[in-house]
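S.K.: Let me give you the structure first, and then I'll get to my questions.
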Amino acid sequence: MEHQAIPSALSPQSSVLSPQSWVGKMKSVVDIHAAKYDLELALLHLEQHTQTKGEPIRAFWRGTGSHRPPETLARDRISVSVEFGKVILCLFGEERAESWRVKEYAILPDRLTLNLERQAGKVSASLTLTGGEQLPLPVSVTERRNEFSLQFETLLKRFFPGWKGRHPHIRKESARLSRYVWAELERQGKILLAFGINPDELQPAVNGILSEALETEAALRAKGRDICRVCLFVPEHQSITLAERLRLVTAPCPELYEMDAAGTRARRIEPAEQPALVTGPASRYIWPKPVGTLTSTETRLVEKVVTQAPEMIDVTLPLRSRQLVFRWLGLEFARLRRETALRPPAMTVGIPGIDHLFWLDSTQPHQQLETMIGQLRKFRTAEPADRTNWLYRTQSERWLEALVRRNPAVLDVELDPAFAYAQAPAYDLNEAGYVDVLARTHTGRLAVMELKTTADRELPWQGLDYWRRVQAHARRGDFTRRGFFAGAEMDFSAPPLLYLVAPVLRRHETLRLMCRRMNPAVPVRVLGLSEHWRQELRVIVRE
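Quick note on our numbering: the sequence shown kicks off at 12 and runs consecutively.
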């Protein structure tokens with residue numbers, strides 16, 4: 012086989028590369044197992060090469076900025092696997108992991124290049140991993156932002172002739188430059204504000220440019236500046252969410268532009284609703300399925316867990332899964348693999364990503380399960396033994412979500428406590444989202460709840476994203492067709508209510524400003540919770 016020529020150059024005893032044993036051009040993944048073998052050997056070589064030089068593996072990325080990996084990677088943060096007939100590359104970062112399908116790859120003595128894709132080919136990228144010195148060192152975040160500020164200044168001079176102003180402003184964020192650049196241009200006493208963001212930033216940062224612009228505009232208006240226009244410049248193909256948000260912003264509405272990759276040209280993007288969300292085929296969406304009837308063995312295992320603390324434990328069936336998930340006040344601590352004709356049910360116990368997972372079947376002792384529940388009972392409770400314990404402090408939003416889902420009427424007496432869904436899917440043309448809590452009023456009106464336990468400037472806009480998606484799903488009849496609110500009379504003709512919920516001392520200072528800039532057609536209700544919401548879920552401020 013062709014790939015068998017590689018091991019001689021990669022054997023532990025060999026410190027000299029043999030270029031003849033490497034593939035020098037892009038090779039399509041046809042034989043998935045051979046491709047996996049090639050890639051693992053190439054990664055082994057890079058690891059040995061970098062260990063000899065005392066350097067990390069460098070990553071060079073070409074693609075959308077929303078999926079950029081770290082600039083340097085340790086070997087243990089890269090894995091190659093074969094799943095569902097595909098070769099999958101996983102990159103593990105400090106805060107998140109990315110999985111990509113490997114479409115093509117090229118192996119050279121000093122580097123490994125992969126053409127990747129995800130979402131059925133809708134998103135593609137190229138990644139080069141190298142341990143050599145032939146490629147330039149990665150440009151730092153600060154350097155990239157400085158370079159973009161110069162490009163942005165040139166773009167504005169070309170795009171707005173006759174307007175005069177100072178150099179673009181770059182706000183400081185701690186010791187690093189801000190991801191946003193903005194300029195103040197003037198002509199005949201009128202002021203134009205232009206905001207830009209470079210293509211290397213993540214998609215959430217691109218979406219956040221709207222909040223940055225509205226906050227800056229309000230501050231300058233308060234100083235008496237006569238602002239006639241506000242313009243937002245974002246990278247190509249990253250304006251979809253902003254275009255939809257701007258459709259629901261009150262006048263004067265900022266103008267939206269897409270820049271080319273070089274940052275030299277821009278074109279106007281009009282605020283608009285995505286037609287594909289309303290007219291596209293419903294088959295492209297994935298909806299939760301009912302748990303279904305449990306076998307006697309499954310029932311015994313579920314009861315054994317839930318009966319220990321029924322007021323704390325929820326059991327759900329996630330999307331794309333055949334495993335029941337057990338959560339203690341929002342924190343997953345166990346899963347039950349469903350029974351099949353070939354294997355009995357089995358349970359895993361442990362917090363994903365933190366604990367070692369213990370497999371338990373119906374005949375094994377459940378000491379690990381009892382130990383886990385004992386720890387949760389001790390620390391993940393309203394009155395814990397130690398408030399600094401990780402179990403008490405982690406996933407606070409999921410904790411709040413669990414409390415609200417159990418009794419939404421605590422937030423508003425109009426809400427029907429019989430119907431509340433946590434993490435309900437809300438699909439968009441470019442991404443899938445999950446509503447924190449989807450409920451209904453006693454009159455059958457939908458209610459969308461976005462929950463935060465820390466100050467977040469994007470809270471209103473994230474809530475608005477879910478609100479418009481839920482409204483589109485309601486128009487399509489998706490909720491009725493998928494079994495939501497079964498047996499209840501629904502009024503889908505009225506727009507959903509949007510609840511923005513956060514502890515009153517944890518609300519971002521711009522929350523009122525952002526809500527005022529929303530279109531009055533969006534019925535927004537802002538709720539401020541008591542700071543001790545874990546002990547007692549109580550609303551102390553309603554706006």
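The C-beta atom is built at its ideal place from N, Cα and C for all residues, glycine as well.
1) Is M383 near V360, with beta carbons less than 8 Å apart?
2) Kindly provide the ranges of any beta strand (DSSP E) runs that are 3 or more residues long and lie completely inside the segment 516-551, ordered along the chain.
3) Touch check for the segment 464-471 and the segment 510-527: three-plus C-beta pairs under 8 Å?
4) Select from E394, I297, R338, L203 the residue whose C-alpha is nearest the C-alpha of C264.
5) If you measure between the beta carbons of V260 and M460, is that distance less than 8 Å?
6) So, helix, strand or coil for N418, using DSSP?
7) Output yes or no for whether 8 Å exceeds the beta carbon distance between V580 and L125.
8) Specify the secondary structure class of A505 as computed by DSSP and reduced to three states.
9) Determine the burial state of L123: buried for a count of at least 16 other Cβ atoms within 10 Å of its Cβ, exposed for fewer.
10) Please state whether DSSP places D121 in a helix, a strand or coil.
11) Which residue comes first and which comes last in the alpha helix (DSSP H) that contains I251?
12) Tell me whether G173 is buried or exposed, calling it buried when 16 or more other Cβ atoms sit within 10 Å of its Cβ.
13) CA-CA distance, A233 and K389?
14) With a cut-off of 8 Å on the beta carbons, I'd call L225 and L524 a contact; round off their distance for me.
15) Write down the C-beta distance between Y191 and E223 rounded to the nearest angstrom, noting that I regard them as a contact closer than 8 Å.
16) I'd like to confirm the pairing. Which residues does DSSP put opposite M270 in its beta bridges?
17) What are the start and end residues of the alpha helix (DSSP H) that includes W472?
18) Would the beta-carbon of A136 fall within 8 Å of that of L127?
19) Can you give, in chain order, each stretch of the beta strand (DSSP E) that sits fully within the segment 152-234 and has at least 3 residues?
20) Could you tell me which of G385, P329, I208 sits nearest to A320, measuring between CA atoms?
21) Skipping 5 residues on each side, what residues in its chain have a beta carbon closer than 7 Å to that of A393?
22) Tell me the DSSP secondary structure of M4 in three-state form.
23) Rounded to whole angstroms, how far is the Cβ of L335 from the Cβ of V302, which I believe are closer than 8 Å?
24) Who are the Cβ neighbours of P395 in its own chain at under 6 Å, not counting the five residues just before and after it?
25) Give the secondary structure of V317 by DSSP, where H, G and I count as helix, E and B as strand, and everything else as coil.
26) Would you report the Cα separation of R311 and L305, rounded to the nearest angstrom?
27) Would you call E542 buried or exposed, if buried means 16 or more other Cβ atoms sit within 10 Å of its Cβ?
28) Can you name, in chain order, every residue of its own chain whose Cβ lies under 6 Å from the Cβ of E554, other than the five neighbours on each side?
29) Using the rule of at least 16 other Cβ atoms within 10 Å of the residue's Cβ for burial, across every protein chain shown, is C239 buried or exposed?
30) Taking 8 Å as the threshold, find out whether the segment 89-98 comes into contact with the segment 42-53 through three or more Cβ pairs.
31) Assign T306 to one of three DSSP states: helix, strand, or coil.
32) Determine contact between the segment 262-278 and the segment 478-497, defined as no fewer than three beta-carbon pairs at a distance below 8 Å.
33) Using DSSP with H/G/I as helix, E/B as strand and the rest coil, what is R398?
34) For F103, report the span of its beta strand (DSSP E) as first-last.
35) Out of L140, P120, E66, L119, which has the shortest C-alpha to C-alpha gap to L102?
36) Determine the extent of the beta strand (DSSP E) in which T452 is found, giving its start and end residues.
M.R.: If we stick to the structure as given:
1) In the sequence shown, counting from the first residue as 1, residue 383 sits at position 372. In the sequence shown, counting from the first residue as 1, residue 360 sits at position 349. Yes, they are a contact pair.
2) 535-540
3) yes
4) Position 253 of the sequence shown, counted from the start, is the residue given in the question as residue 264. Nearest C-alpha to C264: L203.
5) As a first step, residue 260 is located in the sequence shown; it is residue number 249 there, counting from the start. As a first step, residue 460 is located in the sequence shown; it is residue number 449 there, counting from the start. Contact: no.
6) Locating residue 418 in the sequence shown gives position 407, where the first residue counts as 1. N418 falls in the coil class under three-state DSSP.
7) Since the first residue shown for the chain is 12 and the last is 554, residue 580 is missing from the structure and cannot be characterised.
8) Residue 505 sits at position 494 when you count from the first residue of the sequence shown. Correct three-state label for A505: coil.
9) Counting from 1 along the sequence shown, the entry for residue 123 is found at position 112. So L123 ends up on the buried side.
10) By one-based count along the sequence shown, residue 121 stands at place 110. D121 falls in the coil class under three-state DSSP.
11) Numbered from 1 along the sequence shown, position 240 holds the residue referred to as residue 251. Start and end: 251-257.
12) Here the question's residue 173 lines up with position 162 in the sequence shown. Counting Cβ neighbours within 10 Å, G173 comes out exposed, since fewer than 16 surround it.
13) In the sequence shown, residue 233 corresponds to position 222, counting from 1. In the sequence shown, residue 389 corresponds to position 378, counting from 1. Distance between the alpha carbons of A233 and K389: 51 Å.
14) As a first step, residue 225 is located in the sequence shown; it is residue number 214 there, counting from the start. As a first step, residue 524 is located in the sequence shown; it is residue number 513 there, counting from the start. At roughly 7 Å, the Cβ-Cβ gap stays under 8 Å, so L225 and L524 are in contact.
15) Taking the first residue of the sequence shown as 1, we reach residue 191 at position 180. Taking the first residue of the sequence shown as 1, we reach residue 223 at position 212. Sure, about 5 Å apart at Cβ, within 8 Å.
16) Taking the sequence shown and counting its residues from 1, one reaches residue 270 at position 259. Per DSSP, P246, A277.
17) Numbered from 1 along the sequence shown, position 461 holds the residue referred to as residue 472. It spans 470-487 - the alpha helix (DSSP H) in which W472 sits, taken as one unbroken run.
18) Looking up residue 136 in the sequence shown gives position 125. Looking up residue 127 in the sequence shown gives position 116. Contact flag set, yes.
19) 180-184, 187-198, 201-208
20) Sequence index remark: in the sequence shown, residue 320 carries index 309 (1-based). Of the candidates G385, P329, I208, the one whose C-alpha sits nearest the C-alpha of A320 is G385.
21) On the sequence shown, residue 393 is found 382 positions in, with the first residue counted as 1. Cβ within range, chain order: R545, Q546.
22) This structure leaves residue 4 out entirely; the chain is present only between 12 and 554.
23) Within the sequence shown, residue 335 is the residue found at index 324, counting from 1. Within the sequence shown, residue 302 is the residue found at index 291, counting from 1. Rounded, the Cβ-Cβ distance is 7 Å, consistent with contact.
24) As a first step, residue 395 must be located in the sequence shown, where it is residue number 384. Once the five neighbours on either side are set aside, the close Cβ partners of P395 are Y403.
25) The residue labelled residue 317 in the question sits at position 306 within the sequence shown. Correct three-state label for V317: helix.
26) In the sequence shown, the residue the question calls residue 311 occupies position 300. In the sequence shown, the residue the question calls residue 305 occupies position 294. Using only the alpha carbons, I get a separation of about 9 Å.
27) Counting from one through the sequence shown, the residue named residue 542 turns up at place 531. So E542 ends up on the exposed side.
28) Walking along the sequence shown from the start, residue 554 turns up at place 543. These residues qualify, in order along the chain: V537.
29) For this step, residue 239 is matched to residue 228 along the sequence shown. Exposed.
30) yes
31) In the sequence shown, the residue the question calls residue 306 occupies position 295. In the structure shown, T306 sits in coil (DSSP, three-state: anything other than H, G, I, E or B).
32) no
33) By one-based count along the sequence shown, residue 398 stands at place 387. Reduced to three states, the DSSP call for R398 is coil.
34) For the purposes of this step, residue 103 is taken as residue 92 along the sequence shown, with counting starting at 1. Note, F103: beta strand (DSSP E), 97-103.
35) Along the sequence shown, one-based indexing puts residue 102 at 91. Comparing Cα-Cα distances from L102 to each of L140, P120, E66, L119, the minimum goes to L140.
36) For this step, residue 452 is matched to residue 441 along the sequence shown. Per DSSP, T452 belongs to the beta strand (DSSP E) from 443-452.
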